[in-house]
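Before any comments, here is the structure.
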Amino acid sequence: MDSLVKYVQDKFVTKKEFPAFAAGDTITVYYEISEGSKTRTQFFKGVVIQRRGSGTTETFTIRKMSGEVGVERIFPVNLPAIQKIELNKKGKVRRSRIYYFRDLRGKKARIKEARMKDIKEA
11 MDSLVKYVQD KFVTKKEFPA FAAGDTITVY YEISEGSKTR TQFFKGVVIQ RRGSGTTETF
71 TIRKMSGEVG VERIFPVNLP AIQKIELNKK GKVRRSRIYY FRDLRGKKAR IKEARMKDIK
131 EA
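Those letters in the sequence shown? Residues 11 to 132, per our numbering, in order.
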């Protein structure tokens, strides 16, 4: 049964090409919003907290600070409304899910930027 579901997902779900990103990276997601009969593009820029799942069910969570309030949003990778994803900064973190980032404030909430040497090794 699982192989049949996987076959259908691979065959019929369209996959978009996005840059490779992981937890700790700062990205901007441009996605389409429909309000009544109008559609517009909105962006969400923040730090990737996690990537979860595999294949067509893969999702990623982005966190940004809006004033003093932290806002998180979960995006499915294969969401048709996503137009593009820009990789702004490559972050260097030791974990694949950085939930501890939610509790950090101010200067402690900074993530070191990965150098080119570190990116090539990964």
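Beta carbons are placed, not taken as given, at the ideal position from N, Cα and C, and that holds for glycine.
>> Suppose the cutoff is 7 Å on Cβ atoms and the five residues either side in sequence are ignored; what does the same chain contact list for E42 look like?
In response: If you number the sequence shown from 1, residue 42 lands on position 32. T49, T51, A91 and Q93.
> How long is the line joining the alpha carbons of G101 and S47, rounded to whole angstroms?
Replying inline: One-based indexing of the sequence shown puts residue 101 at position 91. One-based indexing of the sequence shown puts residue 47 at position 37. G101 and S47: Cα-Cα distance of roughly 39 Å.
> With distances taken between CB atoms, is the gap from G34 to V103 smaller than 7 Å?
Replying inline: For the purposes of this step, residue 34 is identified with residue 24 of the sequence shown, where counting begins at 1. For the purposes of this step, residue 103 is identified with residue 93 of the sequence shown, where counting begins at 1. Going by C-beta atoms, G34 is nearer than 7 Å to V103.
> Short check: CB of I37 to CB of L97, under 7 Å?
Replying inline: Translated into the one-based positions of the sequence shown, residue 37 becomes position 27. Translated into the one-based positions of the sequence shown, residue 97 becomes position 87. Closer than 7 Å, so yes.
>> Using a 10 Å radius around the Cβ and a threshold of 16 neighbouring Cβ atoms, would you call G56 buried or exposed?
In response: Mapped onto the sequence shown, residue 56 falls at position 46. Buried: at least 16 other Cβ atoms inside 10 Å.
> Quick one: Cα of E82 to Cα of Y17, how far?
Replying inline: As a position in the sequence shown, residue 82 is number 72, starting the count at 1. As a position in the sequence shown, residue 17 is number 7, starting the count at 1. Note on geometry: alpha-carbon atoms of E82 and Y17 lie some 32 Å from one another.
> beta strand (DSSP E) containing Y109: first to last residue?
Replying inline: For this step, residue 109 is matched to residue 99 along the sequence shown. Careful: Y109 lies outside any beta strand (DSSP E) and carries neither H nor E.
> Using DSSP with H/G/I as helix, E/B as strand and the rest coil, what is K74?
Replying inline: Sequence index remark: in the sequence shown, residue 74 carries index 64 (1-based). Note: K74 maps to strand in three-state DSSP.
> Does DSSP classify S44 as helix, strand or coil?
Replying inline: Here residue 44 refers to the residue found at position 34 when the sequence shown is read from its first residue. Correct three-state label for S44: strand.
> For V39 versus F54, is the C-beta spacing smaller than 7 Å?
Replying inline: Here residue 39 is taken as the residue at index 29 of the sequence shown, counted from 1. Here residue 54 is taken as the residue at index 44 of the sequence shown, counted from 1. A contact, by the Cβ cut-off of 7 Å.
> Quick one: Cα of T24 to Cα of F31, how far?
Replying inline: Position 14 of the sequence shown, counted from the start, is the residue given in the question as residue 24. Position 21 of the sequence shown, counted from the start, is the residue given in the question as residue 31. Cα-Cα distance, rounded: 19 Å.
>> According to DSSP, is L14 part of a helix, a strand, or is it coil?
In response: Here residue 14 is taken as the residue at index 4 of the sequence shown, counted from 1. Looking at L14 - three-state DSSP - the assignment turns out to be helix.
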